[in-house]
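Engineer: Mind looking over this structure? Questions follow.
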Amino acid sequence: MALSQRISNLTGGGSDGWDVFIKARKMIAAGTPVVELTIGEHDIRTAAPILQDMHESAMGGHTGYAMVPGTDSLRDTVARRTQDRTGVPTTRDNVLITPGGQSALFAAHAAACDPGDVALYIDPYYATYPGTLRGVSAVPRAILTRAEDAFQPRAEDIAAACDGAKSLLINSPNNPTGTVYSVATMEGIAQVVRDHDLWLISDEVYDSQVWEGSHLSPRALPGMAERTLVVGSMSKSHAMTGSRCGWLIGPEEVISHLITFATHTTYGVPGFIQDASVFALNQGPEFEAEVAAPFQRRRAIAQEILSGQNTVGLIPAQGAMYLMLDIRATGMTGDDFANALLDTHHIAVMPGESFGAAAAGHLRVAMTIDDAEFGAALRTLCRFADSCAKE
Ligand code: PMP
28 MALSQRISNL
38 TGGGSDGWDV
48 FIKARKMIAA
58 GTPVVELTIG
68 EHDIRTAAPI
78 LQDMHESAMG
88 GHTGYAMVPG
98 TDSLRDTVAR
108 RTQDRTGVPT
118 TRDNVLITPG
128 GQSALFAAHA
138 AACDPGDVAL
148 YIDPYYATYP
158 GTLRGVSAVP
168 RAILTRAEDA
178 FQPRAEDIAA
188 ACDGAKSLLI
198 NSPNNPTGTV
208 YSVATMEGIA
218 QVVRDHDLWL
228 ISDEVYDSQV
238 WEGSHLSPRA
248 LPGMAERTLV
258 VGSMSKSHAM
268 TGSRCGWLIG
278 PEEVISHLIT
288 FATHTTYGVP
298 GFIQDASVFA
308 LNQGPEFEAE
318 VAAPFQRRRA
328 IAQEILSGQN
338 TVGLIPAQGA
348 MYLMLDIRAT
358 GMTGDDFANA
368 LLDTHHIAVM
378 PGESFGAAAA
388 GHLRVAMTID
398 DAEFGAALRT
408 LCRFADSCAK
418 E
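Its first residue numbered 28, the sequence shown is counted upward by one per residue in the numbering used here.
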């Protein structure tokens, strides 16, 4: 039986970019220890008090169908966090609770794009983006950024790609580059979006992980609240990746349509997960800073190690839990380097190519292991790059 184009061509016919990761997992399963710097998952687990609250909620009976848009209490709490951080008036009617940010990305594009519409996104990109856009039968169009701009998008490049476009997807702080968009970048993006009458879908799941500069939500810029859909999540800010709880913030009318969409797709998020999310959010910004602190520490470790050599370049990592390393001086592709590093030293990193053409010749390193082990792996990586460059 023939499957739909939408499903059978979700990855566009190419690799989904996870080959090195899968190879590393197979090595581990076969008994070979591998230092894994691949996946964006904290090395701490969800905090015990959050789990305790989840347990109490479930034992208290919150195990039936929850309200499809999200519980009033979580929608209010998310609205308050958004308003506190951005100054943009936000109520529960601007908030849809979703099973993770990924589901919010999908819902946002379903709201913005009809089949065949062009959906713009910035390259390098989080690996699921093109597939998510194809998933709503939109036509993904990448806008390449440049390593020499530290991967800040240029407004003129976006403007040049707007023909036939309905939406633009951005992500700051960025996975995989660690770039935090400057005020000038955000204002440039907002201008193009208004000029070309686009929906802006702003993935802000790393908004609690900013090491340099500050996070500006484009929804706060003039004329943007009515055309911006913001994706958020408990995954990164509260180390709750497995709980699958995120949200979409947008104009009331969009949210009301997406509540209907949720009724026909996800049917909401478990009540005990939502209660635990309220509890977690009520721990305030101090708790979010505590969850983010190890990445800031490891970034400092990396800066020190990388400043002592010339072969591997560090793209200034301003936020998120990743480093982007430029290994073009070795003459190797990111793919070849990552495979060779895994084979030779049993260290797994993601090839830049997994995140788009603009990241070719780069590596993404997740700062998600213990400090000492992280430092040792980076030193080995640098020595390996040196030996490759000399060959
Ligand atoms: N956006 C970005 C940029 C991400 O890196 C991730 C997860 N790695 C997500 C969205 C989705 O996260 P979740 O579904 O766990 O909220």
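All residues carry an ideal CB built from backbone N, CA and C; glycine is no exception.
Just so we're clear, the structure is a prediction, and the values are computed from it rather than from any experiment.
1. Identify, in the order they occur along the chain, each residue of the same chain with its Cβ nearer than 6 Å to the Cβ of residue 55, setting aside the five sequence neighbours on each side.
2. From the DSSP output, read off the bridge partner residues of residue 389.
3. Please state the DSSP three-state secondary structure of residue 28.
4. What's the gap between the Cα of residue 392 and the Cα of residue 317?
5. Does the region 199-209 come within contact of the region 176-190, defined as at least 3 CB pairs closer than 8 Å?
6. Taking Cβ positions only, does residue 297 come closer than 7 Å to chain C?
7. Which residues in the same chain as residue 340 place their Cβ atom closer than 6 Å to its Cβ, once the five residues preceding and following it in sequence are excluded?
8. Beta-carbon within less than 8 Å of residue 300's beta-carbon, same chain only, minus the 5 sequence neighbours each way: which residues are those?
9. What residue does the alpha helix (DSSP H) around residue 361 start on, and which one ends it?
10. Which partner residues of residue 168 appear in the DSSP bridge assignment?
11. Helix or strand or just coil, what does DSSP make of residue 298?
12. Could you have a look at residue 68 and say whether DSSP puts it in helix, strand or coil?
13. How far does the alpha helix (DSSP H) with residue 405 in it reach, from first residue to last?
14. Contact defined as beta carbons within less than 8 Å: I believe residue 121 pairs with residue 276. What is the distance between those atoms, to the nearest angstrom?
15. Grab me the residues of residue 139's own chain with a C-beta within less than 6 Å of its C-beta, minus the 5 sequence neighbours each way, in chain order.
16. Report the rounded CA-to-CA distance for residue 222 versus residue 112, giving the unit in angstroms.
17. Between residue 240 and the rest of its own chain, which residues show a CB-CB distance below 7 Å, the 5 nearest in sequence each way excluded?
18. Is residue 394 helix, strand or coil when you go by DSSP?
19. Would you call the CB atoms of residue 6 and residue 379 closer than 7 Å?
20. From the DSSP output, read off the bridge partner residues of residue 377.
21. If you draw a straight line from the alpha carbon of residue 132 to that of residue 254, how long is it in whole angstroms?
22. At what residues does the beta strand (DSSP E) containing residue 420 begin and finish?
23. Tell me the rounded alpha-carbon separation between residue 401 and residue 394.
24. Output yes or no for whether 7 Å exceeds the beta carbon distance between residue 235 and residue 307.
25. Using beta-carbon positions only, say whether residue 383 and residue 150 come within less than 7 Å of one another.
26. Does DSSP classify residue 241 as helix, strand or coil?
27. On the DSSP letters alone, give me the boundaries of the beta strand (DSSP E) that residue 225 sits inside.
28. DSSP on residue 101, reduced to helix/strand/coil?
29. Should residue 102 go down as buried or exposed, given a rule of 16 or more other Cβ atoms within 10 Å for buried?
30. For residue 203 versus residue 349, is the C-beta distance shorter than 7 Å?
31. Measure the CB-CB distance between residue 295 and residue 134 and report whether it falls below 7 Å.
32. In chain order, what residues of the same chain lie with their CB nearer than 6 Å to the CB of residue 186, ignoring the 5 residues before and after it?
33. Per DSSP, which residues does residue 195 bridge with? Please list them.
34. With which residues is residue 274 paired in a DSSP beta bridge?
35. Mind checking whether residue 246 and residue 332 have CB atoms under 7 Å apart?
36. Would the beta-carbon of residue 168 fall within 7 Å of that of residue 196?
Structural biologist: Taking the geometry as given:
1. Indexing the sequence shown from 1 puts residue 55 at position 28. If we look at residue 55 and ignore the five residues flanking it on each side, its Cβ neighbours are 61.
2. For the purposes of this step, residue 389 is taken as the residue at position 362 of the sequence shown. Bridge partners of residue 389: 353.
3. Counted from its first residue, the sequence shown places residue 28 at position 1. DSSP places residue 28 in coil when its eight states are reduced to three.
4. By one-based count along the sequence shown, residue 392 stands at place 365. By one-based count along the sequence shown, residue 317 stands at place 290. Roughly 21 Å separates the two Cα atoms.
5. yes
6. In the structure shown, chain C cannot be found, because there is only a single protein chain.
7. Taking the sequence shown and counting its residues from 1, one reaches residue 340 at position 313. Same-chain partners within the cutoff: 353.
8. Your numbering for residue 300 matches position 273 in the sequence shown. Contacts found: 81, 270, 271, 272.
9. Within the sequence shown, numbered from 1, the residue matching residue 361 stands at position 334. Counting along the chain, the alpha helix (DSSP H) containing residue 361 begins and ends at 361-372.
10. The residue given as residue 168 occupies position 141 in the sequence shown. Answer is 147.
11. Here residue 298 refers to the residue found at position 271 of the sequence shown. If DSSP states are grouped into helix, strand and coil, residue 298 belongs with the helices.
12. The sequence position of residue 68 within the sequence shown is 41, counting from 1. Coil, per DSSP.
13. Position 378 of the sequence shown holds residue 405. Run containing residue 405: 398-417, per the alpha helix (DSSP H) assignment.
14. For the purposes of this step, residue 121 is taken as the residue at position 94 of the sequence shown. For the purposes of this step, residue 276 is taken as the residue at position 249 of the sequence shown. Sure, about 5 Å apart at Cβ, within 8 Å.
15. Here residue 139 corresponds to residue number 112 of the sequence shown, with the count starting at 1. 193, 194, 226, listed in sequence order.
16. On the sequence shown, position 195 is the one that residue 222 refers to. On the sequence shown, position 85 is the one that residue 112 refers to. Near 27 Å, if we compare the C-alpha coordinates of residue 112 and residue 222.
17. In the sequence shown, residue 240 corresponds to position 213, counting from 1. The answer, listed in chain order, is 207, 209, 345.
18. Residue mapping note: residue 394 aligns to position 367 of the sequence shown, counting from 1. In the structure shown, residue 394 sits in coil (DSSP, three-state: anything other than H, G, I, E or B).
19. Absent from the structure is residue 6, since the part of the chain shown begins at 28 and ends at 418.
20. By 1-based counting over the sequence shown, the position of residue 377 is 350. Looking at the DSSP assignment, residue 377 forms a beta bridge with 391.
21. The residue given as residue 132 occupies position 105 in the sequence shown. The residue given as residue 254 occupies position 227 in the sequence shown. Rounded to whole angstroms, residue 132 to residue 254 spans 15 Å at the Cα level.
22. The displayed coordinates of the chain run from 28 to 418. Any statement about residue 420 would go beyond what the structure contains.
23. Mapped onto the sequence shown, residue 401 falls at position 374. Mapped onto the sequence shown, residue 394 falls at position 367. So the two alpha carbons sit approximately 7 Å from each other.
24. Sequence index remark: in the sequence shown, residue 235 carries index 208 (1-based). Sequence index remark: in the sequence shown, residue 307 carries index 280 (1-based). The answer is no: Cβ separation not under 7 Å.
25. In the sequence shown, residue 383 corresponds to position 356, counting from 1. In the sequence shown, residue 150 corresponds to position 123, counting from 1. For residue 383 and residue 150, yes; Cβs fall inside 7 Å.
26. Start at 1 with the first residue of the sequence shown, and residue 241 comes out as number 214. In the structure shown, residue 241 sits in coil (DSSP, three-state: anything other than H, G, I, E or B).
27. Locating residue 225 in the sequence shown gives position 198, counting from the first residue. Where residue 225 is concerned, there is no enclosing beta strand (DSSP E), given that its DSSP letter is neither H nor E.
28. Here residue 101 refers to the residue found at position 74 when the sequence shown is read from its first residue. Note: residue 101 maps to helix in three-state DSSP.
29. Taking the sequence shown and counting its residues from 1, the one referred to as residue 102 is at position 75. Buried, by the Cβ-count rule.
30. Counting from 1 along the sequence shown, the entry for residue 203 is found at position 176. Counting from 1 along the sequence shown, the entry for residue 349 is found at position 322. Yes, Cβ-Cβ distance for residue 203 and residue 349 is below 7 Å.
31. Residue numbering aside, residue 295 sits at position 268 when the sequence shown is read from its first letter. Residue numbering aside, residue 134 sits at position 107 when the sequence shown is read from its first letter. Taking 7 Å as the Cβ cut-off, residue 295 and residue 134 do not qualify as a contacting pair.
32. Looking up residue 186 in the sequence shown gives position 159. So the qualifying residues of the chain are 219.
33. Residue mapping note: residue 195 aligns to position 168 of the sequence shown, counting from 1. DSSP output for residue 195 lists 147, 227 as bridge partner(s).
34. The sequence position of residue 274 within the sequence shown is 247, counting from 1. Residue 274 is bridged to 124, 259.
35. If you number the sequence shown from 1, residue 246 lands on position 219. If you number the sequence shown from 1, residue 332 lands on position 305. For residue 246 and residue 332, no; Cβs fall outside 7 Å.
36. As a first step, residue 168 is located in the sequence shown; it is residue number 141 there, counting from the start. As a first step, residue 196 is located in the sequence shown; it is residue number 169 there, counting from the start. No, these two residues do not count as a Cβ contact at 7 Å.
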